[in-house]
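**Q** Position in the sequence shown (from 1) plus 2 gives the number in this note's numbering.
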Amino acid sequence: MSYLFTCCQIGAEKFLKHELSELAPQAHFAFSRPGFVTFKFPEDRPATDRVGSQFDVGSAKTNSFGSITSSTRPCGFAPEEGVPKSIFARASGVSLERLTGDETQRIEKIVKELEDGDYQAFHVWSRDEKPSGKSGYEVGPTEEDDRVANLVRSALPSSVRNRLLINEPVVKGDRVLDCTIVDPDVWMTGFHRATFTATCYPGGMINLVMPPEVVSRAWYKMEEALIWSGLPLEPGARVAELGSSPGGATQALLSRGCQVLGVDPAEMAPIVLANPNFRHLRGRTTELPKKEFRKIRWLASDMNVAPNYTLDAVEDIVMNKQVSIRGLILTLKLVEWDLAWNIPQYLERIRSWGFNVIKARQLQHNRQEICVAALQTPFRRKS
Ligand SMILES: C[S@@+](CC[C@H](N)C(=O)[O-])C[C@H]1O[C@@H](n2cnc3c(N)ncnc32)[C@H](O)[C@@H]1O
Numbered sequence: 003m004s005y006l007f008t009c010c011q012i013g014a015e016k017f018l019k020h021e022l023s024e025l026a027p028q029a030h031f032a033f034s035r036p037g038f039v040t041f042k043f044p045e046d047r048p049a050t051d052r053v054g055s056q057f058d059v060g061s062a063k064t065n066s067f068g069s070i071t072s073s074t075r076p077c078g079f080a081p082e083e084g085v086p087k088s089i090f091a092r093a094s095g096v097s098l099e100r101l102t103g104d105e106t107q108r109i110e111k112i113v114k115e116l117e118d119g120d121y122q123a124f125h126v127w128s129r130d131e132k133p134s135g136k137s138g139y140e141v142g143p144t145e146e147d148d149r150v151a152n153l154v155r156s157a158l159p160s161s162v163r164n165r166l167l168i169n170e171p172v173v174k175g176d177r178v179l180d181c182t183i184v185d186p187d188v189w190m191t192g193f194h195r196a197t198f199t200a201t202c203y204p205g206g207m208i209n210l211v212m213p214p215e216v217v218s219r220a221w222y223k224m225e226e227a228l229i230w231s232g233l234p235l236e237p238g239a240r241v242a243e244l245g246s247s248p249g250g251a252t253q254a255l256l257s258r259g260c261q262v263l264g265v266d267p268a269e270m271a272p273i274v275l276a277n278p279n280f281r282h283l284r285g286r287t288t289e290l291p292k293k294e295f296r297k298i299r300w301l302a303s304d305m306n307v308a309p310n311y312t313l314d315a316v317e318d319i320v321m322n323k324q325v326s327i328r329g330l331i332l333t334l335k336l337v338e339w340d341l342a343w344n345i346p347q348y349l350e351r352i353r354s355w356g357f358n359v360i361k362a363r364q365l366q367h368n369r370q371e372i373c374v375a376a377l378q379t380p381f382r383r384k385s
């Protein structure tokens, strides 16, 4: 038997299990804790199975949550790489060992594995403590992660230490020894090969440092969405954001040289209004003339409304004859967790507007919501 481990936001476990049941029907749900779920694979799992890039949907089909799977392979991902294309798995890998008992011995086992195995990096992180946002809890690296990383670093012989990245981002193709701190005295080791951007970071968490002038935590979501999605927003790109107040996400776009049209009935922060590349359309999306979007090529939405409301508003703009949108970055708020069952329909609706490349992920900085990135390629402007 082999096992796959996955980490997710607390509350997302049942949707993660559903995704895995579709991506790998041969896997069975095994040990779990809130935010940490494992799956058992039979021994005869495919050994060379691979998936294409997330932005390559040519001959691929999606599982019901929209993760891209190959139609010609028995399993939706490569078990030996440990990275299913899942919306809710923030991190994953092939399980190795459950480490308990004396901490020094746990560290010794990790050191031995790093000495003997073919690894380019060691990543350690803690499973989430609470649901994201609960009592101010922010998902992210912890002091305990640093402490364990430092213990491993100090215990490694210098010849091994010098060739390893420890809790630093790797490049695609690197093989990483993972350690999830499931409980203070239960560590689960595993490994994965970095395949797409988020898998290069410890625990799938991109370490972002918010500049002091940023006015809201939505900056994190936009930064993470841009890095994860790889959408080709170039300096000068014209972007509209629906639900832009007070302006953190807009600041992330402005800092990349984008020109931003912010749509929101609420006020924008003065520092955002002062930027010459920003214009505020004060009002609700439904109240605005569509000609305002004629020159816009990218549409972002972060409105605090139910997904169908967001999708109605976006559809109204995208399908207008005067408007040509190349790509989308949408936050879909799961105002109730059970709205996650509708994700396949949401993604299908977006696809029906002509976006042929779609991916979705519950980002580290998403609360009870997911991020959808969509691209029309090749891009055809409406005349
Ligand atoms: C989560 S906040 C947005 C945070 C913002 N993206 C930032 O970077 O600071 C949600 C916003 O959606 C706005 N909103 C809600 N319904 C809207 C609508 N129909 N049209 C435009 N904005 C709307 C709210 O006024 C609120 O400012």
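For every residue, glycine included, the Cβ atom is placed at its ideal position computed from N, Cα and C. For clarity, every value in this text was computed on a predicted model and none was experimentally measured.
(1) Quick check: does the Cβ of Y5 come within less than 8 Å of any heavy atom belonging to ligand 1?
(2) Is there at least one non-hydrogen atom of ligand 1 closer than 8 Å to the beta-carbon of E215?
(3) Could you tell me whether the Cβ atoms of T287 and V262 are closer together than 9 Å?
(4) Measuring alpha carbon to alpha carbon, tell me which residue in S303, H367, Q378 is nearest P143.
(5) Within the present structure, is the beta-carbon of A268 separated from the nearest heavy atom of ligand 1 by less than 8 Å?
(6) Nearest to C260 by CA position, among A239, M270, C373, is which residue?
(7) Please find out if some non-hydrogen atom of ligand 1 comes closer than 8 Å to the beta-carbon of N368.
(8) Between the C-alpha atoms of G68 and L341, what's the straight-line distance to the nearest angstrom?
(9) In terms of residue numbering, what span does the alpha helix (DSSP H) encompassing I273 cover?
(10) My assumption, with CB atoms under 8 Å, is that R129 sits in contact with T182. Please give the rounded CB distance.
(11) Measuring straight from C-alpha to C-alpha, what distance separates P48 and Y121?
(12) What three-state label does DSSP hand Q261 in the structure shown?
(13) Could you tell me which of V126, C10, E145 sits nearest to M170, measuring between CA atoms?
(14) Taking the beta strand (DSSP E) that E243 falls in, what are its first and last residues?
(15) Pairs of beta-carbons, one from the segment 293–310 and one from the segment 330–338, closer than 8 Å: are there three or more?
(16) Quick one: using the 10 Å Cβ neighbour count with 16 as the cut-off for buried, is P278 buried or exposed?
(17) Would you check if there are 3 or more beta carbon pairs closer than 8 Å linking the segment 365–385 to the segment 222–240?
(18) For a minimum of 3 consecutive residues, which ranges assigned as the beta strand (DSSP E) are wholly contained in the segment 273–360?
(19) Answer yes or no: the CB of P44 versus the heavy atoms of ligand 1, is any distance below 8 Å?
(20) I need the straight-line Cα distance from P36 to G13, nearest angstrom please.
(21) Answer yes or no: do V374 and L336 have a C-beta to C-beta separation smaller than 9 Å?
(22) Roughly how many angstroms separate the alpha carbons of A242 and F295, rounded to a whole number?
(23) Candidates P346, L167, Q28, S160: which alpha carbon is nearest A151's?
(24) Using CA coordinates, which residue listed in S134, S137, A157 is at the minimum distance from E1?
(25) What does the alpha-carbon distance come out to for the pair K384 and P237?
(26) How long is the line joining the alpha carbons of R163 and K16, rounded to whole angstroms?
(27) Indicate the three-state DSSP secondary structure (helix, strand or coil) for H20 in the structure shown.
(28) Restricting to Cα atoms, I'd like to know which of G356, I273, L244, V325 is closest to V307.
(29) Determine the extent of the beta strand (DSSP E) in which T40 is found, giving its start and end residues.
(30) May I ask which residues mark the beginning and end of the alpha helix (DSSP H) holding E99?
(31) Measure the beta-carbon distance from T191 to V85 and round it to whole angstroms, keeping in mind my assumption that it falls under 8 Å.
**A** With the given structure in hand:
(1) Reading the sequence shown from its first residue, position 3 is the one you call residue 5. It does not: the Cβ of Y5 is nowhere closer than 8 Å to a heavy atom of ligand 1.
(2) In the sequence shown, counting from the first residue as 1, residue 215 sits at position 213. It does not: the Cβ of E215 is nowhere closer than 8 Å to a heavy atom of ligand 1.
(3) Against the sequence shown, residue 287 aligns to sequence position 285. Against the sequence shown, residue 262 aligns to sequence position 260. No. Outside cutoff.
(4) In the sequence shown, counting from the first residue as 1, residue 143 sits at position 141. With distances taken between Cα atoms, P143 lies closest to H367.
(5) Here residue 268 is taken as the residue at index 266 of the sequence shown, counted from 1. Checking the Cβ of A268 against ligand 1 gives yes.
(6) In the sequence shown, residue 260 corresponds to position 258, counting from 1. The option with the nearest alpha carbon to C260 is A239.
(7) Taking the first residue of the sequence shown as position 1, residue 368 is located at position 366. Not so, every heavy atom of ligand 1 lies at least 8 Å from the Cβ.
(8) Position 66 of the sequence shown, counting from 1, holds the residue named residue 68. Position 339 of the sequence shown, counting from 1, holds the residue named residue 341. Caution is warranted here: a pLDDT of 46 is assigned to G68, below 50, making its placement in the model unreliable, and the coordinate value is therefore given only provisionally. C-alpha separation (whole angstroms): 15 Å.
(9) Numbered from 1 along the sequence shown, position 271 holds the residue referred to as residue 273. I273 -> alpha helix (DSSP H) spans 272–275.
(10) Counting from 1 along the sequence shown, the entry for residue 129 is found at position 127. Counting from 1 along the sequence shown, the entry for residue 182 is found at position 180. Indeed, because the Cβ distance is near 6 Å, the residues count as touching under 8 Å.
(11) Position 46 of the sequence shown, counted from the first residue, corresponds to residue 48. Position 119 of the sequence shown, counted from the first residue, corresponds to residue 121. Caution applies to P48, whose pLDDT of 38 falls short of 50 and renders its modelled position unreliable; the model cannot decide the point.
(12) In the sequence shown, the residue the question calls residue 261 occupies position 259. Strand.
(13) As a first step, residue 170 is located in the sequence shown; it is residue number 168 there, counting from the start. A small fix is needed here, since residue 170 is Glu in this sequence, not Met. The shortest C-alpha separation from E170 is found at V126.
(14) For this step, residue 243 is matched to residue 241 along the sequence shown. First-last of the beta strand (DSSP E) with E243: 240–244.
(15) yes
(16) If you number the sequence shown from 1, residue 278 lands on position 276. P278 is exposed by the Cβ-count criterion.
(17) yes
(18) 280–283, 300–303, 329–335
(19) Along the sequence shown, read from residue 1 onward, the residue named residue 44 stands at position 42. Answer for P44: no, Cβ out of range of ligand 1.
(20) Translated into positions along the sequence shown, residue 36 becomes position 34. Translated into positions along the sequence shown, residue 13 becomes position 11. Their Cα atoms are separated by approximately 8 Å.
(21) Locating residue 374 in the sequence shown gives position 372, where the first residue counts as 1. Locating residue 336 in the sequence shown gives position 334, where the first residue counts as 1. The answer is no: Cβ separation not under 9 Å.
(22) Residue numbering aside, residue 242 sits at position 240 when the sequence shown is read from its first letter. Residue numbering aside, residue 295 sits at position 293 when the sequence shown is read from its first letter. C-alpha separation (whole angstroms): 8 Å.
(23) Position 149 of the sequence shown holds residue 151. Of P346, L167, Q28, S160, the residue nearest in Cα terms is L167.
(24) Residue 1 is absent from the structure shown; the chain starts at 3 and stops at 385.
(25) Numbered from 1 along the sequence shown, position 382 holds the residue referred to as residue 384. Numbered from 1 along the sequence shown, position 235 holds the residue referred to as residue 237. Cα-Cα distance, rounded: 23 Å.
(26) The residue you call residue 163 lines up with position 161 of the sequence shown. The residue you call residue 16 lines up with position 14 of the sequence shown. If you take the alpha carbons of R163 and K16, they lie about 39 Å apart.
(27) Position 18 of the sequence shown holds residue 20. Looking at H20 - three-state DSSP - the assignment turns out to be helix.
(28) Start at 1 with the first residue of the sequence shown, and residue 307 comes out as number 305. For V307, the nearest C-alpha among the options comes from L244.
(29) Translated into the one-based positions of the sequence shown, residue 40 becomes position 38. T40 -> beta strand (DSSP E) spans 38–43.
(30) Mapped onto the sequence shown, residue 99 falls at position 97. It is not in any alpha helix (DSSP H) - E99 instead sits in the beta strand (DSSP E) that spans 93–101.
(31) Position 189 of the sequence shown, counted from the first residue, corresponds to residue 191. Position 83 of the sequence shown, counted from the first residue, corresponds to residue 85. Actually they are not in contact, since the Cβ atoms of T191 and V85 sit about 16 Å apart, beyond 8 Å.
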